[in-house]
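Colleague:
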Amino acid sequence: MLWNTVFPYLLSGISVGGQYALIAIGYTMVYGILRLINFAHGDVFMVAGILMVYAVASGMPLWITVPLVLIVTSLIGFLIERAAYKPLRSAPRMSVMISAIGVSYTLQNLVLYITGGLNKTYPTIPWISDTVEIMGAKTKLVTVVTPFLTVILVVLLVLLINRTKVGMAMRAVSKDFETSQLMGIRINSVISVTFVIGSFLAAVGSVLYFTNYPTVIQTSGAMPGLKAFVAAVFGGIGSIPGAVIGAFIIGIMENIIKGLDVILFKAGIISKPLGLATFSDAFTFALLIIILLVKPTGLFGEKATDKV
Amino acid sequence: MTKKTTRRPSRAAILSFIIILAIYVLVFVAEQVLPATSMLFTVLKKGATYALVAVSMNLLNGFTGIFSLGQAGFMLIGAYVYAMFTIPVADRASVYQYFNGGIIQFTLPWFLAMILAGLVAALFAWLIGLPVLRLKSDYLAIATLGFAEIIRAVFQWKELGPVTNGSNMLRLFPNFNSFNITDADGHVVVYLSTIVPFLIAGICIGLIVLLLHSGYGRAFRAIHDDEIAAEAMGINLAHHKRMAFCISSFFAGVGGAMLAMYQTTVQAKSFTTAMTYEILLIVVIGGVGSITGSVCGSFLFVACSEWWLRFLDNEQFIGSFQVPLLRNGFRLVVFSIIIMIVVLFFRRGLFGTTELPDLFRHGRKESALK
Amino acid sequence: MKKLIALLMVLTLALPAIALAEDMPVVKIGVYEPASGDSGAGGKQETLGVQYANVETPTVEIGGVTYKVELVYADNGSSTDKAPSAAQELVSANVSVVLGSYGSGVSIAGSEYFKNANIPAIGLTCTNPQVTAGNTHYFRVCFLDPFQGTVLANYAFNTLGARTAYCLAELGNDYDVGLVTYFQQAFEALGGTVISDTFPTNNSDFTSYLTNASMYGAEVFFCPVSIAYSTQILQQASSQGVTFPILGGDTLDSNVVANAAKGTELKVVIDTFYQEGANPDFDEGFKSWLNSDATALANNGGNDMISAVSVMGYDGYYVALEALKAAGTTDSAAVMAALPGVVYTGVSGEIKFDENGDAVRTSAFVKTVDNATGEWLFVTEQQVAQ
């Protein structure tokens, strides 16, 4: 009985969790290497959504638009790093973070200008938009596809990081920025690769996310972005499996909170709805603060020490 | 302003004082002479409000080195406390229409409500600071940002409706126009609606300047420069950080109350992270670590966004030639590009760490505050 | 051919105005509408009505002098924090009267600015009672939420036979929250049960709210939210295969919403101010104007279906002209004094203000979406004594 009540929320949660995971990887990788909260990452995710809207509207067939959007988004990620973060490499960390906030502000305003500030309807992508029924709950196929695709991509990414030369360079840079520079690693290209991978995954995430929730506006990226960041911190920043697990936990918890009134009501704990759904976003941040206080390194993070 | 460096007020300090006084006189005269509907006064009112909030943020981010992104949350508290305690009892039934007029059935004078707004914001800051201030740099930033979001959700919760009016708008409280002196027919005799926010912001910013020149201020700067060294010098880190956080939040709360007066309505929905970012950008444009910069930055930012760059949002014709690109939203694009240029190429902002009196000291630009 | 004639008529009306524009005094009417944000689509459609009326009647005779009417636009961005600047923009442009806004929250947020400048405002489709309550400068040409809530509650209880209703509103949106409250009062008075939820601004995942409704065993899903959210709710409801009808307020009366329900199995029912076909002359003229202007057509969502909000914009413009004529001057205070006495029979029916400044309205149109064509179908005209 209780399972039947909880299951549909779980399903929504797993789906959105997978999409957060794909964004969270970008945060965690960038943070791992640059120690930068890339506030613009959520907006890159949103831009990918807008690109798709316009690409499809221009009449191109879908087998061109999807790869095109993935490539262009990766390119945007690369350009943002080159234009806004690279010149500040030697500046204090706060300056880079402010620059990231500036980029986020710029991307949102650009999209506001282009779209006229109106919601754009995301194109329907065949197959993954089909409705399926799982254990009595109807949903889009993308809900089912997302977790699997996420896991596949993560495995590929982990292989890339552990088995290739670029991956080794990335690990080296995230361990010790300066030493790896001295060892002859071309820092700038490693950082660029990181941004390209992060943006690519965000673009994949955006295809899945907006297929499920098919409206894009300039602020669409802000909340998913913040939540994905929280997921990255939760899982231990710098750790890719951590970010993925964190994202699933946050996605599921968020949807459970939205349905908490019903669940408690059905379980007989409360007699009237309390409007707890109001806290669905706030809960994510409460979780963040708790994890920061209890285990600042997150679930799988490495212990960092202060250097004097 | 500079009594630490010389016993008698220096020439620079006197000059600065005269300039500030002249601005106040000018504002007062302009308000009596120019039509009250002019955009100038909107800019001045909102600019004064933002100046206070930006300075309060600078106190934290620029002077103490605590990178907090919770400003919007504290402004929200200030705005709500002010509004909740000043709505006339007779109007409460219509404002709290879904909550039987709410449970607060008295009003406070506006200045008491404003001070209370600051105090409640400071109290929340103290509570939040207990756990959060233990965190470092960007973790602190994201945690304060998270708290601002949590505060927003709590104020919107319908179970608190009798106090906060749930997520609905608070309105009909005294606003800046209530300061105008009117005759029996309702005609305005003396306009005070712009000079009063100037005075409030001026007094608050003056207090912050005094604080920065006290022993506390020097300790804050020491923490900013090097936390570990400051601790080694015997500065109680936890205590001073908490002080800075609470004081900054107090003034953010007062700023929130001013924003409520400016907007004439308050709604939790509008105190988003975007508002914090906007204030942070003002601080950056003005110069991180300069009070004068934050103040000038605010007026410049508000004037550009509300007034001078407005034309970019409308189609313009030069003769029969339509200027390309101009349409709704272009103003913000231009704005963001300017901000990015400042962030990337003019990292010191307008003023760097220079203050107004420093401008009159030839060759000793950073003497007063360094 | 008919369209062509209508177009020619519009042009012949417009031409003398262009020729005379040079030496004609100007009276400014402020259009205080959202052009961006969640309500941007609706605000644009409402503005279209005003623009069409302005094309049709570009001049007005005030005190024996013919004035050219100039529309001054201000975008309130659908948000209460951008509303003050937009209102101030109109005030500093010295408009004689303001039309708008779509959305009650922004209307209330701008209200104080118009009041201080002694400028009257005519609400077009802001239905929350608080817009006009307790003030003398805000008027309104549409019906109110207590009325609308009762109409919808009666329809849901009696016609749809629902006994449990699930209501969803956006946090902090005065229109949504207000209408849900009045619906709840009326529905519970009839003997039904109401459960209500709210979602945060910018939320895009409505699946859990739809699940909530199913879990509570709701027989009707009432979501009087802005167009942006309602289209998402419809899309997600469709892929979840919900069986309960979705009920909405006047905001849902838009071709954008109808399009979202096209090709689905959803039953969407709304109430509104105007039903296409009630005034064929207006319909035809408006459509031909839309089709002749690419920007206008795009602002109407890409086709020429008439939204009730455009009709309210159209009627509001003429009410403003009547007030200007009655005042005999462009002075805003005089217009404000003249407004309570204005009686005007518009496309949406007779407009006459009561002591609150609200138009007296006794009927609302109930419409539903034809899932095959994506068009609105007339269901019934509901009357409720106010």
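Protein chains in written order, with the numbering used here: chain H, 1 to 308; chain W, 309 to 678; chain P, 679 to 1064.
Virtual Cβ for every residue (Gly too), placed ideally from N, Cα, C.
Would you tell me roughly how many angstroms separate the C-alpha atoms of W/Phe553 and P/Ser757, rounded to the nearest one?
Modeller: For the purposes of this step, residue 553 of chain W is identified with residue 245 of the second sequence, where counting begins at 1. For the purposes of this step, residue 757 of chain P is identified with residue 79 of the third sequence, where counting begins at 1. So the two alpha carbons sit approximately 30 Å from each other.
Colleague: According to DSSP, which residues form a beta bridge with P/Tyr816?
Modeller: On the third sequence, residue 816 of chain P is found 138 positions in, with the first residue counted as 1. Note: P/Tyr816 sits in a beta bridge opposite P/Ala799.
Colleague: Quick check: the Cα distance between P/Leu726 and P/Tyr780, rounded to an integer number of angstroms?
Modeller: Within the third sequence, residue 726 of chain P is the residue found at index 48, counting from 1. Within the third sequence, residue 780 of chain P is the residue found at index 102, counting from 1. Distance between the alpha carbons of P/Leu726 and P/Tyr780: 12 Å.
Colleague: Consider the Cβ of H/Pro296: report whether some Cβ of chain P lies at a distance smaller than 8 Å.
Modeller: The count along the first sequence starts at 1 and reaches residue 296 of chain H at position 296. No, no contact with chain P.
Colleague: For P/Leu849 and H/Arg163, what's the separation of their Cα atoms in angstroms?
Modeller: Sequence index remark: in the third sequence, residue 849 of chain P carries index 171 (1-based). Sequence index remark: in the first sequence, residue 163 of chain H carries index 163 (1-based). Distance between the alpha carbons of P/Leu849 and H/Arg163 is about 49 Å.
Colleague: When we look at the beta-carbon of P/Ala1001 and count the other beta-carbons within 10 Å, is it buried (16 or more) or exposed?
Modeller: Residue mapping note: residue 1001 of chain P aligns to position 323 of the third sequence, counting from 1. Buried, because 16 or more other Cβ atoms sit within 10 Å of the Cβ of P/Ala1001.
Colleague: Measuring CB to CB, does W/Asp399 end up less than 8 Å from W/Leu478?
Modeller: Counted from its first residue, the second sequence places residue 399 of chain W at position 91. Counted from its first residue, the second sequence places residue 478 of chain W at position 170. No, they are not a contact pair.
Colleague: Are any of the Cβ atoms in chain P nearer than 8 Å to that of H/Gly266?
Modeller: As a position in the first sequence, residue 266 of chain H is number 266, starting the count at 1. One detail in the question is off: residue 266 of chain H reads as Lys in this sequence, not Gly. It does: the Cβ of H/Lys266 has a partner Cβ on chain P nearer than 8 Å.
Colleague: When you compare each of W/Arg656, W/Leu507, W/Ile436, W/Val428 to W/Gly595 by their alpha carbons, which one comes out closest?
Modeller: The residue labelled residue 595 of chain W in the question sits at position 287 within the second sequence. The option with the nearest alpha carbon to W/Gly595 is W/Arg656.
Colleague: What runs of the beta strand (DSSP E), each 3 residues or longer, lie entirely inside the segment 590-665 of chain W?
Modeller: Taking only runs of at least 3 residues, no beta strand (DSSP E) segment lies wholly in the segment 590-665 of chain W.
Colleague: Got a sec? Which residues, its chain only, sit under 6 Å from P/Leu930 by beta carbon, not counting five neighbours each side?
Modeller: Walking along the third sequence from the start, residue 930 of chain P turns up at place 252. Same-chain partners within the cutoff: Ser908, Ile948.
Colleague: Once DSSP output is grouped into helix, strand and coil, what is the label at H/Tyr213?
Modeller: To locate residue 213 of chain H, count along the first sequence from 1; it is residue 213. The answer is coil: DSSP assigns H/Tyr213 none of H, G, I, E or B.
Colleague: Going by DSSP, what residue range makes up the beta strand (DSSP E) through P/Gln1061?
Modeller: Translated into positions along the third sequence, residue 1061 of chain P becomes position 383. Element bounds for P/Gln1061: 1053-1061.
Colleague: Rounded to whole angstroms, what is the Cα-Cα separation between H/Ala24 and H/Leu156?
Modeller: Position 24 of the first sequence, counted from the first residue, corresponds to residue 24 of chain H. Position 156 of the first sequence, counted from the first residue, corresponds to residue 156 of chain H. Whole-angstrom Cα-Cα distance: 16 Å.
Colleague: Can we say the segment 966-979 of chain P touches the segment 916-927 of chain P, given the rule of at least three CB pairs closer than 8 Å?
Modeller: Contact between the segment 966-979 of chain P and the segment 916-927 of chain P is absent, because fewer than three Cβ pairs lie under 8 Å.
Colleague: Please tell me whether H/Ile9 has its Cβ less than 8 Å away from any Cβ of chain P.
Modeller: Residue 9 of chain H sits at position 9 when you count from the first residue of the first sequence. In the sequence as displayed, the identity of residue 9 of chain H is Tyr instead of Ile. Yes, contact with chain P.
Colleague: Give a yes or no on whether 8 Å exceeds the smallest Cβ distance from P/Met983 to chain H.
Modeller: Indexing the third sequence from 1 puts residue 983 of chain P at position 305. So no, P/Met983 is outside the interface.
Colleague: What are the start and end residues of each continuous alpha helix (DSSP H) run of 4 or more residues lying completely inside the segment 504-549 of chain W, in chain order?
Modeller: Within the segment 504-549 of chain W, the complete alpha helix (DSSP H) runs of at least 4 residues are 523-533, 535-540.
Colleague: Given a cut-off of 8 Å, decide if H/Gly236 and H/Phe334 are closer than it, judged by their beta-carbon atoms.
Modeller: Outside the shown range of chain H (1 to 308) lies residue 334 of chain H, about which nothing can therefore be said.
Colleague: Considering P/Ala847, what are the terminal residues of the beta strand (DSSP E) in which it resides?
Modeller: Within the third sequence, numbered from 1, the residue matching residue 847 of chain P stands at position 169. Per DSSP, P/Ala847 belongs to the beta strand (DSSP E) from 842-848.
Colleague: For the structure I just gave you, are there three or more beta carbon pairs, one from the segment 68-82 of chain H and one from the segment 274-281 of chain H, closer than 8 Å?
Modeller: As far as the Cβ criterion goes, the segment 68-82 of chain H does not touch the segment 274-281 of chain H, which means the pair count is below three.
Colleague: Quick check on the burial criterion: 16 or more other C-beta atoms within 10 angstroms. Buried or exposed for W/Ala391?
Modeller: Locating residue 391 of chain W in the second sequence gives position 83, where the first residue counts as 1. Answer is buried; the Cβ neighbour count reaches 16.
Colleague: Return the CA-CA distance between P/Val898 and W/Phe579, expressed in angstroms with no decimal places.
Modeller: Locating residue 898 of chain P in the third sequence gives position 220, where the first residue counts as 1. Locating residue 579 of chain W in the second sequence gives position 271, where the first residue counts as 1. If you take the alpha carbons of P/Val898 and W/Phe579, they lie about 33 Å apart.
Colleague: Is H/Leu292 close to chain W? Criterion is C-beta to C-beta, closer than 8 Å.
Modeller: On the first sequence, position 292 is the one that residue 292 of chain H refers to. Yes - at least one Cβ of chain W is within 8 Å of the one on H/Leu292.
Colleague: Would you kindly report the start and end of the unbroken beta strand (DSSP E) that includes P/Gly1024?
Modeller: Residue 1024 of chain P sits at position 346 when you count from the first residue of the third sequence. Taken as a continuous stretch (DSSP letters only), the beta strand (DSSP E) holding P/Gly1024 covers 1021-1024.
Colleague: Quick one, which residues of the segment 910-924 of chain P are near chain H if we go by CB-CB under 9 Å, in chain order?
Modeller: Residues passing the 9 Å Cβ filter: Gln910, Gln913, Gln914, Ser916, Ser917, Gln918, Gly919, Val920.
Colleague: Any chance the segment 276-288 of chain H sits against the segment 41-59 of chain H, with 3 or more Cβ pairs inside 8 Å?
Modeller: Too few Cβ pairs lie closer than 8 Å, so no.
Colleague: Distance check for P/Asn937 and P/Glu724, CA to CA, integer angstroms please.
Modeller: Residue 724 of chain P sits at position 46 when you count from the first residue of the third sequence. Residue 937 of chain P sits at position 259 when you count from the first residue of the third sequence. Each residue's alpha carbon lies about 18 Å from the other.
Colleague: Which full runs of the beta strand (DSSP E) of 3+ residues lie inside the segment 481-507 of chain W, going along the chain?
Modeller: Runs found: 496-498.
Colleague: My output table needs one value for P/Ser1041: the three-state DSSP class, helix, strand or coil.
Modeller: Taking the first residue of the third sequence as position 1, residue 1041 of chain P is located at position 363. Note: P/Ser1041 maps to strand in three-state DSSP.
Colleague: Can at least three beta-carbon pairs, one atom from the segment 179-186 of chain H and one from the segment 121-137 of chain H, be found at a separation below 8 Å?
Modeller: Touching, no.
Colleague: Could you work out which residues of chain W lie near H/Tyr105, taking near to mean beta carbons separated by less than 9 Å?
Modeller: Position 105 of the first sequence, counting from 1, holds the residue named residue 105 of chain H. Per Cβ cutoff of 9 Å: Ala582, Tyr585, Glu586, Leu589, Leu640, Phe643, Ser644, Ile647, Met648.
Colleague: For W/Asp446 and chain B, any beta-carbon pair shorter than 8 Å?
Modeller: Structure shown: chain B not included; protein chains present are H, W and P.
Colleague: Which residues in chain P sit within 7 Å of H/Pro273, going by Cβ to Cβ distance?
Modeller: Residue mapping note: residue 273 of chain H aligns to position 273 of the first sequence, counting from 1. Under the 7 Å cutoff, chain P gives Ile873.
Colleague: With a threshold of 8 Å between beta carbons, is W/Thr415 in contact with chain P?
Modeller: Against the second sequence, residue 415 of chain W aligns to sequence position 107. Chain P contact via Cβ: absent.
Colleague: Are there 16 or more other CB atoms within 10 angstroms of the CB of P/Tyr996, so buried, or fewer, so exposed?
Modeller: Reading the third sequence from its first residue, position 318 is the one you call residue 996 of chain P. It is buried - the Cβ of P/Tyr996 has at least 16 other Cβ atoms within 10 Å.
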